[in-house]
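So the structure is just underneath, and the comments pick up after that.
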Amino acid sequence: MSRVLALAQKELLQIRRDHVLPRLILLLPTAMLLLFGYAINFTLKGIPLALYDGSKDRISEALLGQLTREGVFRLALEAESPEGVVAAIDRGQARVGLAVPPKALEKVRRGESVAPRVYVDGTDPNFAFQAQAALRKALQEVNARILVGRALAGETVLPPLAPELHTLYNPENRTAWFMIPGIIGLVLTMFTVLLTALSIVREAESRMMESLLASPLRPHEMVLGKVLPYLAIAFGVALLVLALGHWAFGVPVRGSLGLLLLAMFLFVLGSLAAGVLISTLARTQVQAVFGTYAYAFPTIFLSGFVFPLDGMPRFFQLLSYLVPARYLIEALRGVMLKGVGLGVLWPHLLALALFSGLVLFLASVRLGRQVAV
Amino acid sequence: MVHAEELTRSFGALRALDRVSLKVRPGEVFGLLGPNGAGKTTLVRVLTGVLRPDGGRAWVAGLDVARASYRVKERIGYATQEQSVYRDLTVEENLLFRASLYRPKEAKALAEEALVRFGLGPYAKALAGHLSGGWRQRLALAQAVVHRPEVLFLDEPTTGLDPLSRRGIWDLIHEEAKRGAAVLVTTHYMDEAERCHRLALLLGGRVLAQGTPQELKALARERARFLFAQGVSLEALRGLPDVLEAWPSGEGVRLIARPSFPLGPGFREVEPSLEDVFVLLAKEAL
Chain A
1 MSRVLALAQK ELLQIRRDHV LPRLILLLPT AMLLLFGYAI NFTLKGIPLA
51 LYDGSKDRIS EALLGQLTRE GVFRLALEAE SPEGVVAAID RGQARVGLAV
101 PPKALEKVRR GESVAPRVYV DGTDPNFAFQ AQAALRKALQ EVNARILVGR
151 ALAGETVLPP LAPELHTLYN PENRTAWFMI PGIIGLVLTM FTVLLTALSI
201 VREAESRMME SLLASPLRPH EMVLGKVLPY LAIAFGVALL VLALGHWAFG
251 VPVRGSLGLL LLAMFLFVLG SLAAGVLIST LARTQVQAVF GTYAYAFPTI
301 FLSGFVFPLD GMPRFFQLLS YLVPARYLIE ALRGVMLKGV GLGVLWPHLL
351 ALALFSGLVL FLASVRLGRQ VAV
Chain B
1 MVHAEELTRS FGALRALDRV SLKVRPGEVF GLLGPNGAGK TTLVRVLTGV
51 LRPDGGRAWV AGLDVARASY RVKERIGYAT QEQSVYRDLT VEENLLFRAS
101 LYRPKEAKAL AEEALVRFGL GPYAKALAGH LSGGWRQRLA LAQAVVHRPE
151 VLFLDEPTTG LDPLSRRGIW DLIHEEAKRG AAVLVTTHYM DEAERCHRLA
201 LLLGGRVLAQ GTPQELKALA RERARFLFAQ GVSLEALRGL PDVLEAWPSG
251 EGVRLIARPS FPLGPGFREV EPSLEDVFVL LAKEAL
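If you read the sequences in order, they're chains A and B. If you read the first sequence in UniProt numbering, its first letter stands for residue 1, the second for the next number, and so on. If you read the second sequence in UniProt numbering, its first letter stands for residue 1, the second for the next number, and so on.
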């Protein structure tokens with residue numbers, strides 16, 4: 001144990017002596033958090049709207065009022081004709097257009113249907129989908145108000161289906177709430193795998209491994225001594241992201257913090273072992289960096305970190321079951337946003353434990369073989 | 001002490017060690033002399049428990065290296081060919097780290113003592129990467145012996161150093177032997193080999209001969225004549241069947257010849273150097 005501590009202490013000294021690394025370790029996750037939390041926002045606000053108002057009556061007023069009320073849309077331009085609306089989108093002055101035909105109020109009074117034309121910039125499907133949803137919601141609100149008014153006047157019946165929508169866990173659709181569990185997963189993957197792999201490969205590359213091999217340091221002591229500092233660092237950084245997310249973005253931790261830490265621990269254990277495994281395959285630090293990228297790439301795309309797994313072709317959905325970060329992120333979202341416990345999350349934790357066990361086993365086999373050349 | 005018996009190790013088709021046997025006694029500086037690729041480093045790696053031999057046995061500090069490799073590792077010191085110091089750590093930190101790998105409880109005292117013993121005190125807080133080559137080698141040596149090992153392995157401890165630094169290193173090596181350690185040093189500098197108590201000449205993984213420098217020279221004198229000649233052309237000498245090797249030296253020619261070679265005028269016998277001995281034995285082995 002004292003040998004493990006000696007190695008860990010030396011490792012920490014080397015990290016501290018490095019001019020760049022400690023700052024990167026602190027700044028990178030913070031920058032990622034702010035970037036994903038503030039800048040990359042999937043919740044739309046202030047979408048520029050081009051309007052052609054052919055009626056200029058209470059109906060068109062109500063429509064515009066509803067659209068701009070929550071700040072989702074803002075009136076960017078009033079066109080002289082319906083064609084002017086599309087032209088404004090072409091020029092990029094607006095991304096959404098609304099053309100209200102003439103005499104809307106009269107038609108409504110006569111019980112006829114008014115068909116306002118809505119245009120959405122579809123260059124970004126993600127944007128188009130959300131903008132359409134927001135437009136539809138605003139139109140429904142106006143419809144409902146008109147219908148309620150009529151029903152009170154005894155003129156007509158209410159529509160048979162009037163759904164009442166509840167968005168669970170994250171009712172305001174805050175991106176940060178969705179992203180932060182993912183960022184924790186990504187940070188844990190990158191830091192643990194990359195730093196561990198690099199620290200071991202550096203030892204071999206600078207020819208220091210030979211004298212460590214000739215010392216009484218056992219292979220498992222070497223792994224522990226190398227891995228412990230990065231375990232501490234990864235945990236510290238993950239907690240930093242968690243705290244920042246909580247204070248700056250109000251991300252809740254509704255479930256048990258202990259369960260959260262357990263999931264993180266299981267995941268980090270496996271990731272550290274993956275770093276050791278990569279280090280046994282790579283001869284140079286450059287190879288180790290690329291090896292880590294090869295390992296981390298599926299994490300970004302197949303873990304549900306940003307890209308929803310539900311939209312993927314079946315093959316990739318199946319493939320995602322092999323990505324350990326998927327289970328971590330699901331467990332984190334489960335604990336933080338849903339507030340569910342072990343009864344729901346045990347399959348994810350079991351998967352993480354299996355992953356860690358397997359990679360630890362592979363890493364020690366590979367390393368053992370390398371030591372006994 | 002070190003005792004190797006018939007050690008053999010191959011890398012693919014290459015026989016790096018071919019039935020090597022030798023003994024190093026406590027208090028003795030034993031030199032392993034040979035050109036690059038002779039198998040010196042492979043032998044050190046086998047004896048330090050880093051590499052497993054294909055055949056043969058070895059005992060170091062009274063323990064079987066193959067069976068008790070970790071107990072052996074606790075009792076030896078090993079300075080690798082590539083000055084194995086962490087350049088981003090200070091001299092003191094390097095020593096402290098090494099010492100705590102072997103004797104964590106006494107680490108501080110041991111590191112302190114090594115600083116003094118090797119004259120590294122003034123550089124204690126300097127980064128190892130900022131030291132000159134000679135001082136860095138001193139540190140490499142200091143950390144190999146910081147835990148006071150019974151057996152010390154030094155792989156080319158003076159390669160790339162200036163003559164003055166080399167002398168300094170050799171004095172330190174002898175001090176370790178005086179302390180009672182068995183020291184095995186590899187080198188390809190023939191002049192350095194003279195500083196060893198005993199030597200083994202290694203070529204192509206095989207021990208050509210071993211003994212004290214005097215014994216080796218005596219052995220060589222029995223098998224050949226070592227001569228210096230003036231007024232004779234080098235080309236003519238090289239053409240003679242009894243001349244094993246000839247090369248220019250100062251104003252004349254040095255040559256190694258079979259005992260049957262006649263001493264003509266202008267020839268005189270000289271004391272063979274260890275290099276001469278090595279050249280002769282290498283010629284015979286081929």
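Note that beta-carbon positions come from the ideal geometry of N, C-alpha and C, so glycine has one too. Given the structure is predicted, the values throughout are model-derived calculations rather than measurements.
C-beta contact flag for residue i and residue j at 7 Å
i: B/S69; j: B/G49; result: yes
i: A/I47; j: A/F73; result: yes
i: A/R3; j: B/L63; result: no
i: residue 400 of chain A; j: A/V286; result: There is no way to answer for residue 400 of chain A, as the model of chain A reaches only from 1 to 373.
i: B/L172; j: B/G77; result: no
i: B/T187; j: A/S211; result: no
i: A/A31; j: A/A50; result: no
i: A/L270; j: A/S364; result: Checking the sequence, you will find Gly at residue 270 of chain A rather than Leu. Cβ atoms of A/G270 and A/S364: not closer than 7 Å.
i: A/G37; j: A/A176; result: yes
i: A/P219; j: B/E74; result: no
i: B/I256; j: B/L274; result: no
i: A/V118; j: A/L98; result: yes
Same chain, Cβ closer than 7 Å to residue i, neighbours up to 5 away in sequence not counted
i: B/A142; result: L95, A114, F118, L120
i: B/E269; result: R225, F226, L227
i: A/V373; result: Confidence at A/V373 is low in this model, with a pLDDT of 44, below 50, so its placement is unreliable and the value that follows should be read with caution. No residues qualify anywhere along the chain.
i: B/L139; result: V85, V91, N94, L120, A128, L131
i: B/G180; result: P26, G27
i: A/P181; result: I329, L332, R333, M336
i: A/V340; result: G255, G334
i: A/A8; result: G225, L228, P229
Counted within 10 angstroms of its Cβ, other Cβ atoms place residue i as buried (16 or more) or exposed
i: A/R283; result: exposed
i: B/Q214; result: exposed
i: A/S113; result: exposed
i: B/E192; result: buried
i: A/P229; result: buried
i: B/G264; result: exposed
i: A/Y52; result: buried
i: A/L186; result: buried
i: A/V20; result: exposed
i: A/K10; result: buried
i: B/T212; result: exposed
i: A/T196; result: buried
i: B/A220; result: buried
Residue span of the beta strand (DSSP E) that contains residue i, given as start and end
i: B/H174; result: First-last for B/H174: 163-178, but that is the alpha helix (DSSP H), not the beta strand (DSSP E).
i: B/Y78; result: 76-79
i: B/K23; result: 14-24
i: B/A66; result: Looking at the DSSP string, B/A66 is not in any beta strand (DSSP E), and its letter there is neither H nor E.
i: B/A38; result: Unbroken run through B/A38: none, as it is neither H nor E.
i: A/Y52; result: 47-53
i: B/D155; result: 151-155
i: B/E5; result: 2-11
i: B/S249; result: 243-249
i: B/Q210; result: 206-211
i: B/A107; result: Segment 107-117 is the alpha helix (DSSP H) holding B/A107; no beta strand (DSSP E) there.
i: A/F73; result: 73-78
i: residue 287 of chain B; result: No statement about residue 287 of chain B is possible, as the shown extent of chain B runs from 1 to 286 and does not include it.
Other residues of its chain near residue i: CB distance less than 8 Å, five sequence neighbours each side excluded
i: B/A107; result: L96, A99, S100
i: B/K178; result: G27
i: residue 401 of chain A; result: A question about residue 401 of chain A goes unanswered here, because the residues of chain A that appear run from 1 up to 373.
i: A/R16; result: P22
i: B/F30; result: V2, L22, V24, A182, V183, L184, V185, C196, H197, R198, L199, A200
i: B/L89; result: F97, L127, A128
i: B/L164; result: G134
Spatial neighbours of residue i in its chain, beta-carbon cut-off 6 Å, leaving aside the 5 residues before and after
i: A/A234; result: L188, F191, T192, V268
i: B/A16; result: R9, G39, T42, G205
i: A/A331; result: A263, L345, H348
i: A/V100; result: D53, G54, S55, S60, P116
i: B/Y123; result: V91
i: B/V65; result: G49, A58, V72
First and last residue of the uninterrupted alpha helix (DSSP H) at residue i
i: B/H188; result: Careful: B/H188 lies outside any alpha helix (DSSP H) and carries neither H nor E.
i: A/D90; result: 82-91
i: A/S2; result: 2-17
i: B/R274; result: Residue identity differs from the one stated: residue 274 of chain B is Leu in this sequence, not Arg. Its alpha helix (DSSP H) spans residues 274-285.
- [ ] Note down, one range per segment and in chain order, each alpha helix (DSSP H) of at least 4 residues found wholly within the stretch 121-208 of chain A.
- [x] 125-152, 175-205
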